[in-house]
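Enquirer: Throughout the sequence shown, residue numbering follows mature numbering (1 follows the signal peptide of the UniProt record, and there is no 0), covering -24 to -1, 1 to 320 in sequence. Below is one structure. I have some questions about it.
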Amino acid sequence: MTTTHSLARWLLSALILVVQPAYADALADQTDVHNRITALLDARSFAELDAQMDAARKSHSTAPDGTPLLQLYYSAFTVNCGCTEHSIAEPDALQWVRWRQALEQWRRLAPQSINAQILYATYHISYGEYARGTDYAKDVRPDQWKMMQTYLDRAATLLQSMSGPAREDRGWYAAKLRLLRLQGIDNRHEYVLLWQEATQKYPDYLPLYTLAAGYFEPRWMGSEQEEKALIEHAVALTQSFWGESLYARLYARDMRYDQTLDPAVDWPRMRKGFERVVHDFPAAVNYSQYARFACQYGDLKALRSAVKHIDSAQPLIHTWGYSRDLFNRCMAYAKSGTANKKPV
């Protein structure tokens, strides 16, 4: 038993050593990070987890699309709660229990670990969303709402109890902002104060802006006017180091599932933002988003430029609002369309 377990851990360590130097490519999406974290948790390789997360924090490394690797670690369990486009097959309840037990052991063995503390809190947030399910609010059962609230309350207690480096960590702020949105109450005053504190400390931490844009969506706690104001303010805050790229990212996020376009968007400005995004982070997912909106806005030149960098045989369909029809129409438009005439 001991020999087998040691061999498994050696093989896991060897895999990590092989891929770690290239993790800016290998950890390109949330599912991959989830698989790495859960494998390390199952192996009780807590020191390795701390080493990887500390390295991501120190180096400010990003995935190819520009998402901070540290946040991908902290958001590892979102792929199991059905709450993002990166969700994978739901685990059974026993898997959630095993992960919780591993996280609790990590916290006991390394009580000073920032990563263990924050990841344990984000686990509770994700499990709360998992317990709620993916149905529309009107179809969620009372017992599901109650279970969700129980886990959100536990996450709130955990975050509130943190102090020192953990309380000051960018992951703490992102977790707290996510929690405030899910609590479903009008807490915008608290939210804005916390967001201002977070962006003053970490002005170049992308999740702080995507989380806030989500909070102020009309379907959550805001309105179209508030969401637009937030985006303009966020772009102004980051103009010196990101240019207009945040404008493109946040409006692309806003319209990610819509076939209709937001009338508030200035397409030439969004195009400029996308040009900066793909210059800084020439990932297929970024080019795919660029192509989608260039098509919808009837910008044939930009569309043809972007589609050169995507695999039309294996499209990233979530970047097209999960619409194969939109993707096919845009590919046809790129081949034979007329400039300044939007695809039918």
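In this text, a Cβ means the ideal position worked out from N, Cα and C, and glycines have one as well. For clarity, every value in this text was computed on a predicted model and none was experimentally measured.
If contact is defined by three or more beta carbon pairs under 8 Å, each pair taking one atom from either stretch, is the stretch 125 to 144 in contact with the stretch 84 to 100?
Expert: Yes, the stretch 84 to 100 is in contact with the stretch 125 to 144.
Enquirer: For Gln77, which option in Gln88, His100, Ile90 has the closest C-alpha, if you only look at C-alpha atoms?
Expert: The candidate whose alpha carbon is nearest that of Gln77 is His100.
Enquirer: Alpha carbon to alpha carbon, how far is Met197 from Leu128? Give it in angstroms, no decimals.
Expert: The alpha-carbon atoms of Leu128 and Met197 are separated by roughly 17 Å.
Enquirer: From Ala259, Asp301, Val116, pick the residue whose C-alpha is nearest to that of Val283; which is it?
Expert: Considering only alpha carbons, the answer is Ala259.
Enquirer: On the three-state DSSP scale, how would you describe Pro44?
Expert: Of the three classes helix, strand and coil, the one that applies to Pro44 here is strand, per DSSP.
Enquirer: Since Pro179 and Pro44 should fall inside the 8 Å C-beta cutoff, what is the C-beta to C-beta distance between them, to a whole number of angstroms?
Expert: So it is not a contact: roughly 13 Å between Cβ atoms.
Enquirer: Using only the alpha-carbon positions, how far apart do Arg247 and Ala23 sit?
Expert: Each residue's Cα considered, the two are about 44 Å apart.
Enquirer: Count the other C-beta atoms from every protein chain shown that fall within 10 angstroms of the C-beta of His255, then say buried if there are 16 or more, exposed otherwise.
Expert: It is exposed - the Cβ of His255 has fewer than 16 other Cβ atoms within 10 Å.
Enquirer: Can you give me the Cβ contacts of Met231 inside the same chain, cut-off strictly under 6 Å, excluding the 5 residues immediately before and after it?
Expert: Excluding residues within five positions, the ones whose Cβ falls inside 6 Å are Asp238.
Enquirer: So which of Arg33, Lys34, Ser51 has the shortest CA-CA distance to residue 331?
Expert: Since the displayed the chain opens at -24 and closes at 320, residue 331 lies outside it and no answer follows.
Enquirer: Have a look at Val(-6) and Leu155 and give me their C-alpha separation to the nearest angstrom.
Expert: At Val(-6), the pLDDT of 35 sits below 50, so the modelled position is not reliable and the matter cannot be decided from this model.
Enquirer: If I'm right that Arg20 touches Gln88 with Cβ under 8 Å, what's the distance once you round it to whole angstroms?
Expert: So it is not a contact: roughly 18 Å between Cβ atoms.
Enquirer: Sorted by chain position, which residues of the same chain lie with C-beta nearer than 8 Å to residue 331's C-beta, five sequence neighbours on each side aside?
Expert: Examination of residue 331 is not possible in this model, given that the chain is present from -24 through 320 alone.
Enquirer: Report all residues from its chain with a CB closer than 7 Å to the CB of Ile90; omit the five preceding and five following residues, and keep chain order.
Expert: Result list for Ile90: Pro141, Ala142, Asp145, in chain order.
Enquirer: Starting from Trp218 and walking both ways along the alpha helix (DSSP H), at which residues does that stretch end?
Expert: Where Trp218 is concerned, the enclosing alpha helix (DSSP H) stretches over 200 to 218.
Enquirer: Give me whichever residues DSSP pairs with Thr38 in a beta bridge.
Expert: Paired residue(s): Pro44.
Enquirer: Between Tyr103, His165, Leu222, Arg84, which has its C-alpha nearest Lys204's C-alpha?
Expert: With distances taken between Cα atoms, Lys204 lies closest to Leu222.
Enquirer: Let me know if Asp68 comes out buried or exposed under the rule of 16 or more other beta-carbons within 10 Å of its beta-carbon.
Expert: By the neighbour-count rule (16 or more Cβ atoms within 10 Å), Asp68 is not buried but exposed.
Enquirer: In whole angstroms, give me the CA-to-CA distance for Lys318 and Thr295.
Expert: So the two alpha carbons sit approximately 19 Å from each other.
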